[in-house]
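In our numbering, the protein residues as written are 3 to 87.
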């Protein structure tokens, strides 16, 4: 019976550790997601591309990589929220 109590206590500790870690992942993922959305919405590169004749492919790759990062961060925040509940 004592061994079962120890195993239950170990499982509770592991679950608490996982939930605490997922809460931190959720916070960091949300902050990074907010940063990528700001880069996508308030983008000064669009204005500078017209003024300084920046090649169009540079802007395309920048926006595409930013959109992919936002997609991955949405999944990370969603899965960390699901794991912490």
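Cβ coordinates follow ideal geometry from the N, Cα and C atoms, glycine included.
- Under a 10 Å Cβ-count criterion, residue 31 is classified as buried, with 16 or more other Cβ atoms of the shown protein chains found around its own Cβ.
- Between residue 86 and residue 15, the gap from beta carbon to beta carbon reaches 8 Å or more.
- DSSP places residue 28 inside the alpha helix (DSSP H), whose first and last residues are 4 to 43.
- The three-state reading of DSSP puts residue 55 in coil, since its state is none of H, G, I, E or B.
- Spatial neighbours of residue 64 in its own chain (CB-CB distance under 7 Å, excluding positions within 5 residues in sequence) are listed in chain order as 47.
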